[in-house]
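**Student:**
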Amino acid sequence: MAGDSSNLLYIGAILSVALGAMSLRIIRKNKDLEWNEALAARIICWMFIGKGIQNAAVANMQDTSVDMWQFYAQLSSGLDNLFTGTIIALALIYPVPLLRSEKQVKIGFTMLFGFLVYVILLEVSGNPYTVFELPGIVYWMAMICWSTMYLKFRLIDPGNSNDSTDNIAIVSGLFLTLLMGHIWMWWPGMVLQSNYFYFFDLAGGPMTSMTWDYMWNASYTICIVTGFMLLGVEIFQYSKGNGSILLYLIIPYFILGAIGYIVYSAPETTVSHTRGTNDTLASIWNLLTSQLHFTVMRPLIAMFVLLKFGLFNINEETKPMAKIMTIILIVVATSAILELIQSIVPINQMISAALLGIIIALGIGWEERSFDSLASNKSNVRVGVGKRWFPNVSISQKTLERLDLVCFIYILVIFLISFIVWQTDMLVTVMLERYAEAGGVG
Numbered sequence: 048m049a050g051d052s053s054n055l056l057y058i059g060a061i062l063s064v065a066l067g068a069m070s071l072r073i074i075r076k077n078k079d080l081e082w083n084e085a086l087a088a089r090i091i092c093w094m095f096i097g098k099g100i101q102n103a104a105v106a107n108m109q110d111t112s113v114d115m116w117q118f119y120a121q122l123s124s125g126l127d128n129l130f131t132g133t134i135i136a137l138a139l140i141y142p143v144p145l146l147r148s149e150k151q152v153k154i155g156f157t158m159l160f161g162f163l164v165y166v167i168l169l170e171v172s173g174n175p176y177t178v179f180e181l182p183g184i185v186y187w188m189a190m191i192c193w194s195t196m197y198l199k200f201r202l203i204d205p206g207n208s209n210d211s212t213d214n215i216a217i218v219s220g221l222f223l224t225l226l227m228g229h230i231w232m233w234w235p236g237m238v239l240q241s242n243y244f245y246f247f248d249l250a251g252g253p254m255t256s257m258t259w260d261y262m263w264n265a266s267y268t269i270c271i272v273t274g275f276m277l278l279g280v281e282i283f284q285y286s287k288g289n290g291s292i293l294l295y296l297i298i299p300y301f302i303l304g305a306i307g308y309i310v311y312s313a314p315e316t317t318v319s320h321t322r323g324t325n326d327t328l329a330s331i332w333n334l335l336t337s338q339l340h341f342t343v344m345r346p347l348i349a350m351f352v353l354l355k356f357g358l359f360n361i362n363e364e365t366k367p368m369a370k371i372m373t374i375i376l377i378v379v380a381t382s383a384i385l386e387l388i389q390s391i392v393p394i395n396q397m398i399s400a401a402l403l404g405i406i407i408a409l410g411i412g413w414e415e416r417s418f419d420s421l422a423s424n425k426s427n428v429r430v431g432v433g434k435r436w437f438p439n440v441s442i443s444q445k446t447l448e449r450l451d452l453v454c455f456i457y458i459l460v461i462f463l464i465s466f467i468v469w470q471t472d473m474l475v476t477v478m479l480e481r482y483a484e485a486g487g488v489g
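489 is the number that the numbering used here gives the last residue of the sequence shown; the numbers go up by one with no jumps.
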C-alpha cells in the first residue's frame, strides 16, 4: 500500500500545482474583483501550489534514501506552515471580511507573516514540533471565523434572508469542509473514545510532548464538533424546506466515518496500522477516504468556489484556459479513483484503459454542461447584504503583486532551509536528543 499511497500523493501534487498555477494566471488578469475577493483568489491559488509541492515531498519522503528524508520532511513541514497561513488569511477576509480597514489588513497580514517566520526560526534553531508552534491553531482560527459567518447568515431572520446571505453561509461551509472533511470521518472514534482517534495523526514517540499531542487532538475534536454543528443546522434547514448543497456534501463524510469505525476497530487492526504502510484493510480504507479528500476533494471544492462565486473573470480570453483546468481536474481525478480501484480489485490493463477512456469521455461531456452552467450562473455574496458587512478598503494592484512575490519567495526559502536541514542532519540530531531524554535507545 505504500506505493499506492505515494502514487495518489503524486497525482494530488500534479493536480494542485497545475490548478493553482493556471488559476493564478487567470486571476491576475481580473481587475474587477472587490478587494477581499482579489486577495482571497490569490491566497487560494498559492494555497494549492504549496500544498501540491508538499504532497510531492511527502510521497518522496516515503520512497527516498535514509538521509534524504530529512530534506523532504522539512520541506513538507515548511509548506504545511504556508497552508496554515493561507487558511487563516482566507478566513479573515472571505467571504465576509473580518479585517475592516486597510490598517487592520496590514496589521493582520503582518502578524500572520511574522508567525510563519517565527515558526521557521523555531525549526531551524533545533526546536521543531514543540508547543510553541501552537499545533492545531489553523483549525481553531478557521472554526472561529467561518463558523461565525456560517451561523450568522445561515440562521438569519427570514425577512433579511436572500440568495447572497445563503451564499455566504455556503462558502463558509465549503471552506470548513475543505479544511476539516478528513477529520469528520473519524467522528465515531472521538464520540466513543476509540484508541485510533487518539493516535491517528500524531508524530508519536518522544518527538512530540504530551502537551503537543493534547493540543493536536483538541483541535481535531473541535473540528468534529464543528462538523456536527454544520450537519445539525443543515438538517434543520432542510426540514424547513431551505436545504442546500452543503447537506449532500457533508452527509457522506459522516456515513464514511461510521463505516470507518468498523474498519479501524477490527481486532486485527492496531493503532500503527491505521496510518502505516501495511497492506491491511485499515490502510486501504484510509487511502480511499482521507487521502482521497486531500488529493481530489480539496482541489475540487476550491475550483467550485473560484468558478461559482465569481472569482474568475470568464471571457473570450480566459475561457479556454478555464475549460482546460476543468478538463485536467476531471481527467486526473478520474485517473486517481481508477488507480485506487485497480490497486484493490485487480483489473486487466486493457479493461482498465477502456474504462478510463469511457469515463473521461463522459466526464468531458459533463464538463461542457457544468462549466457553462457555472460560468453563466455565478452566485454573489454581496447583492442585498448590508454595506456594513463589506467595508471599502483600498488594496492596490501593486500590493496584490507583492503578495504573489512574497509567497513565491517563501517557497524558495523553504527549499533552501530544507536543504540546509538535510546537509546538517538537524532532524536526526533532534530525534536522537529527544529519544535520549525519554530514556530510549539513541
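For each residue, glycine too, the CB sits at the ideal point set by N, CA and C. All values derive from a computational prediction rather than experimental measurement.
Once DSSP output is grouped into helix, strand and coil, what is the label at N333?
**Tutor:** Here N333 sits in helix by DSSP.
**Student:** What residue from V310, R345, I348 has the CA that sits closest to I331's CA?
**Tutor:** The shortest Cα separation from I331 among V310, R345, I348 belongs to V310.
**Student:** For E484, which three-state DSSP category applies?
**Tutor:** Three-state DSSP puts E484 in a helix.
**Student:** With distance defined between alpha-carbon atoms, name the residue in L62, A85, H229, M254 nearest to E484.
**Tutor:** It is M254.
**Student:** Please classify N107 as buried or exposed, where buried requires at least 16 other C-beta atoms within 10 Å of its C-beta.
**Tutor:** When all chains shown are included, N107 counts as buried.
**Student:** Going by CA-CA distance only, name the one from S194, L56, T177, M350 that's closest to I91.
**Tutor:** Closest option to I91, Cα to Cα, is M350.
**Student:** Applying the criterion that 16 or more other CB atoms from any shown protein chain within 10 Å of the CB defines a buried residue, is Y457 buried or exposed?
**Tutor:** Y457 is buried by the Cβ-count criterion.
**Student:** How is K76 classed by DSSP in three states: helix, strand or coil?
**Tutor:** In this structure, K76 counts as coil in the three-state DSSP scheme.
**Student:** Output the distance between the C-alpha atoms of L376 and A68, rounded to the nearest integer angstrom.
**Tutor:** Computed Cα separation, rounded: 13 Å.
**Student:** Compare the C-alpha of P142 against each of F341, K355, I371 and name the closest.
**Tutor:** Ranking F341, K355, I371 by Cα distance to P142 puts K355 first.
**Student:** Given a cut-off of 8 Å on the beta-carbon distance, is the pair L71 and R89 in contact?
**Tutor:** Yes, the pair counts as a contact, with Cβ atoms nearer than the cut-off.
**Student:** Which residue's Cα is closest to the Cα of K425: N214, P144, K445, K78?
**Tutor:** Per the Cα distances, N214.
**Student:** So I167 is in the alpha helix (DSSP H); what residue range does that whole segment cover?
**Tutor:** Where I167 is concerned, the enclosing alpha helix (DSSP H) stretches over 149 to 171.
**Student:** Using a Cβ-Cβ cut-off of 6 Å (strictly less than) and excluding sequence neighbours within five positions of V488, which residues of its own chain qualify?
**Tutor:** Confidence at V488 is low in this model, with a pLDDT of 47, below 50, so its placement is unreliable and no value can be given for it.
**Student:** By alpha-carbon positions, which one of A60, L62, N83, L55 ends up nearest to L358?
**Tutor:** Cα-wise, what sits closest to L358 is N83.
**Student:** Considering only their Cβ atoms, is the gap separating L169 from I461 smaller than 8 Å?
**Tutor:** No, Cβ-Cβ distance for I461 and L169 is not below 8 Å.
**Student:** Could you tell me whether the segment 93 to 102 touches the segment 119 to 136, where touching means 3 or more Cβ pairs closer than 8 Å?
**Tutor:** Yes, since at least three Cβ pairs between the segment 93 to 102 and the segment 119 to 136 fall closer than 8 Å, the two stretches touch.
**Student:** Please confirm whether Q117 and S53 have their CB atoms less than 8 Å apart.
**Tutor:** Contact: no.
**Student:** Between G274, Q240, P175, which lies nearest to L223 when the distance is taken from Cα to Cα?
**Tutor:** Taking only the C-alpha atoms, the option nearest L223 is G274.
**Student:** Going by other Cβ atoms of all chains shown within 10 Å of its Cβ, with 16 needed for buried, is Q470 buried or exposed?
**Tutor:** Exposed, because fewer than 16 other Cβ atoms sit within 10 Å of the Cβ of Q470.
**Student:** Taking the straight line between their C-alpha atoms, what separation do you get for A313 and A329?
**Tutor:** Approximately 9 Å, taken between the alpha carbons.
**Student:** Note down the Cα distance separating G307 from N333, rounded to an integer number of angstroms.
**Tutor:** Cα to Cα, G307 sits roughly 8 Å from N333.
**Student:** Counting only runs that start and end within the segment 278 to 314, where is the alpha helix (DSSP H) found for 4 or more residues in a row?
**Tutor:** Listed in chain order, they are 292 to 311.
**Student:** Check each candidate in G161, Y186, V280, P205 and name the one with the smallest Cα separation from I217.
**Tutor:** Comparing Cα positions, the closest option is V280.
**Student:** For T321, does the count of other Cβ atoms within 10 angstroms reach 16, so buried, or fall short, so exposed?
**Tutor:** Its pLDDT being 45, under 50, T321 is placed unreliably by the model, and the measurement read from it follows with that caveat. Per the 10 Å Cβ criterion, buried.
**Student:** Is the separation between the beta-carbon of L225 and that of I140 shorter than 8 Å?
**Tutor:** Cβ atoms of L225 and I140: not closer than 8 Å.
**Student:** By DSSP, does N107 sit in helix, in strand, or in coil?
**Tutor:** Reduced to three states, the DSSP call for N107 is helix.
**Student:** Measure how close the beta-carbons of A120 and A60 come, nearest whole angstrom, since I'm counting them as under 8 Å.
**Tutor:** 16 Å between Cβ atoms; not a contact.
**Student:** If the criterion is Cβ atoms closer than 8 Å, does the pair Y176 and W259 meet it?
**Tutor:** In this structure, W259 lies closer than 8 Å to Y176 by Cβ.
**Student:** Taking V272 as the reference, which of F246, M237, G404 has the closest Cα?
**Tutor:** Minimum Cα distance to V272 is reached at M237.
**Student:** So, with DSSP's three-state summary, where would you put P438?
**Tutor:** Correct three-state label for P438: coil.
**Student:** Only counting the same chain, and skipping five residues up and downstream in sequence, which positions put a Cβ closer than 6 Å to that of P367?
**Tutor:** Correct list: empty, nothing qualifies.
**Student:** Can you tell me whether DSSP reads T446 as helix, strand or coil?
**Tutor:** In this structure, T446 counts as helix in the three-state DSSP scheme.
**Student:** Would A85 pass as a contact of I442 if the rule is Cβ separation under 8 Å?
**Tutor:** For A85 and I442, yes; Cβs fall inside 8 Å.
**Student:** Applying the 10 Å Cβ sphere with the 16-neighbour rule, what's the burial state of E480?
**Tutor:** E480 is exposed by the Cβ-count criterion.
**Student:** Judging by CA-CA distance, which residue of L303, C454, Y285 is the nearest neighbour of F156?
**Tutor:** Nearest C-alpha to F156: C454.
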